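So the sequences go chain by chain: A and B.
If you read the first sequence in the working numbering, its first letter stands for residue 1, the second for the next number, and so on.
If you read the second sequence in the working numbering, its first letter stands for residue 1001, the second for the next number, and so on.
Heads up, the beta-carbon is just placed ideally off N, CA and C, and yes, glycines get one too.
All of these numbers come straight from a predicted model, not from anything done at the bench.
First up is the structure itself, then whatever we jot down about it.
Number of protein chains: 2
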Amino acid sequence: MTMEQRLAAYAEMTEKGLEKYLQSPNEVNYPQIFEATRYSALAGGKRLRPALVFEFCRISGGDPEKALPFACALEMIHTYSLIHDDLPCMDNDDLRRGKPTNHKVFGEATAVLAGDALLTRAFEVALDRENTAELDAETVLCAAKALADAAGMDGMIGGQVIDMDAENKQIGLDRLLLLQQLKTGCLIRAGARMGCILGGATAEQMEAADRYAAKIGLAFQIEDDLLDIEGDEAVLGKPIGSDAASGKSTFPGLLGAEECRSMIRRLTDDAIESLGAFEDSGFLRELAESLTSRKS
Amino acid sequence: MTMEQRLAAYAEMTEKGLEKYLQSPNEVNYPQIFEATRYSALAGGKRLRPALVFEFCRISGGDPEKALPFACALEMIHTYSLIHDDLPCMDNDDLRRGKPTNHKVFGEATAVLAGDALLTRAFEVALDRENTAELDAETVLCAAKALADAAGMDGMIGGQVIDMDAENKQIGLDRLLLLQQLKTGCLIRAGARMGCILGGATAEQMEAADRYAAKIGLAFQIEDDLLDIEGDEAVLGKPIGSDAASGKSTFPGLLGAEECRSMIRRLTDDAIESLGAFEDSGFLRELAESLTSRKS
């Protein structure tokens, strides 16, 4: 199986899982919230975070199928964060992945609730013993706790707070690094961590997986900033130049595009090096490489 | 110990717990989100939901101290729902418990994030084995799952969706009952349920506790609607007449005040009757009675 095939297979597992987990008998009574959550959760996307859960579970010796509720829970939390990020009181974005943002379609009140609903559903799904019957309870708790920590105000939300705070003012590199480590890094690392927990990784492997995820997470974000300057709007599915327009500090803005490219190279090399702790790491190696040359 | 004394003791446990759980070493880097969450979580309130967790744990034979993380998690979720409810795109309220609402003090973006943060923190706290070391993992999972289900779109959020949808239009009694059972009932029932799970209640006790909570939850909501017509603004801490002003359907509007009062009486009697499944139910009996004559 090529890297692309495996990534596509993981994405398909994720989408089927999301479809299943976002249904409810209550839809007859109030359909709009279920439609709103599925609208954003099933809007495509790379499904990078779920892929990390599945793959780290697999190369730690576990069955990726068992990781499904956690992979979907992580993607739900990622999706909720995008919906709330796009709100008029936050980034006020009209387009996301080439489609109108959630509040543009369903209105602001429903978009707030759809974000809340996805965040809550993540835990409904991860904590449901019908979804995790083959795992022991301590393992489930440990994985779900990793997810909660990464998503909270000591993780992703903290990054979002710094981001809001940094609008229309210049921040230094240290602050921008903290912002990105929290805002993007924490959820990506949670993907690797949950995969390792579910697959039964050793402590050494757990640490290596965390290093890998932290490095590709940062490389991913620097690449994102570069795409906002140099990308193709049609491929990207959102307008370019939005960082500059909203007065955000970015890695290219602070370091220049060339230094950014060599940082991405170094981070990718470091990420790949840390995979030495695993035997079957071809997919993750190629995945890291592919992120350095992505177009969207 | 009188009912009032025990209720005050539970409220104090809750407040100390919330203070502890809402701290973080990251406050030095971005203080505002921690301040914003504490502002609303520590703004007083009856702490009814945590009291149910503690007391059902106690009368099921457990140590109420062990229920602390779950009592606080439940109150965090209740608080987040108030913050998001008050947002300009939702109910657009300026006052809550006699104080300016979260977005009035911290701005809309931070209020959205403070709600998200409290919702996430609830699971960070409930899933932290350092907080639940004396409980077995299956018990923790079961209690945390009850909380997630009650808070999600098949629970509280569903009620909120129906509520938004019902603004400025007349809805019938069935729809209003569904709205309230979801919006207020689910979290109150989750309090009783978690207490029973943590205390090791029998299946029969669990069912009785659920009946009690469902009945007092509905009585509580009907009383709330009455207070919005007949209450004292200064005691209530919010303007009266806001339901009518926003065109919301209410129990008094549909049934008249007199029928509401006799419904509250019947619901309270039924709630108290279901306490027969427990031996030491004086507190819960008095609590149910006290809710029928409350002023705020």
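May I ask which residues mark the beginning and end of the alpha helix (DSSP H) holding residue i?
i: TYR30(A); result: Careful: TYR30(A) lies outside any alpha helix (DSSP H) and carries neither H nor E.
i: LEU97(A); result: Note that residue 97(A) is Arg in the sequence shown here, rather than Leu. That residue, ARG97(A), is in no alpha helix (DSSP H); it is neither H nor E in DSSP.
i: LEU1291(B); result: 1282-1292
i: PHE1056(B); result: 1048-1059
i: MET1164(B); result: 1156-1165
i: THR139(A); result: 137-151
i: SER301(A); result: No answer is possible for residue 301(A): the residues shown for chain A start at 1 and end at 296.
i: ILE264(A); result: 257-274
i: GLN1221(B); result: 1203-1230
Under the rule that 16 or more other beta-carbon atoms within 10 Å means buried, what is residue i, buried or exposed?
i: GLU223(A); result: buried
i: PRO1031(B); result: exposed
i: SER249(A); result: buried
i: GLN5(A); result: exposed
i: SER1246(B); result: exposed
i: ARG193(A); result: buried
i: SER242(A); result: exposed
i: ARG129(A); result: exposed
i: VAL28(A); result: exposed
i: MET13(A); result: buried
i: ALA244(A); result: exposed
i: GLN1170(B); result: exposed
i: THR1268(B); result: buried
i: SER40(A); result: buried
i: GLN23(A); result: exposed
My output table needs one value for residue i: the three-state DSSP class, helix, strand or coil.
i: CYS1089(B); result: coil
i: THR2(A); result: coil
i: THR1250(B); result: coil
i: ARG129(A); result: coil
i: ALA1071(B); result: helix
i: ASP1063(B); result: coil
i: GLY1185(B); result: helix
i: ILE1083(B); result: helix
i: LYS1169(B); result: coil
i: LEU1179(B); result: helix
i: LYS1020(B); result: helix
i: LEU42(A); result: coil
i: GLY191(A); result: helix
i: GLY1115(B); result: helix
i: PHE1034(B); result: helix
i: PHE1278(B); result: coil
i: GLY1107(B); result: coil
i: GLY1200(B); result: coil
i: GLU124(A); result: helix
i: GLU1012(B); result: helix
Measure the alpha-carbon distance for residue i versus residue j and round it to whole angstroms.
i: ARG1121(B); j: ILE216(A); result: 27 Å
i: GLN221(A); j: LEU1118(B); result: 27 Å
i: GLY1112(B); j: GLU279(A); result: The sequence given here places Val at residue 1112(B); Gly does not occur at that position. Cα to Cα, VAL1112(B) sits roughly 44 Å from GLU279(A).
i: ALA288(A); j: ALA271(A); result: 7 Å
i: ALA257(A); j: SER293(A); result: 14 Å
i: PRO1088(B); j: GLU230(A); result: 37 Å
i: THR37(A); j: GLY1282(B); result: 44 Å
i: GLY1158(B); j: ASN26(A); result: 8 Å
i: CYS72(A); j: ASN92(A); result: 26 Å
i: PHE56(A); j: PHE1054(B); result: 40 Å
i: ARG1058(B); j: LYS295(A); result: 58 Å
i: LEU1068(B); j: LYS183(A); result: 30 Å
i: MET156(A); j: ASP1232(B); result: 42 Å
i: ARG1096(B); j: GLY1107(B); result: 15 Å
i: ASP136(A); j: ALA8(A); result: 29 Å
i: GLU204(A); j: LEU147(A); result: 20 Å
i: GLU1015(B); j: THR1079(B); result: 13 Å
i: ALA1208(B); j: GLY1200(B); result: 14 Å
i: GLY1061(B); j: MET1001(B); result: 18 Å
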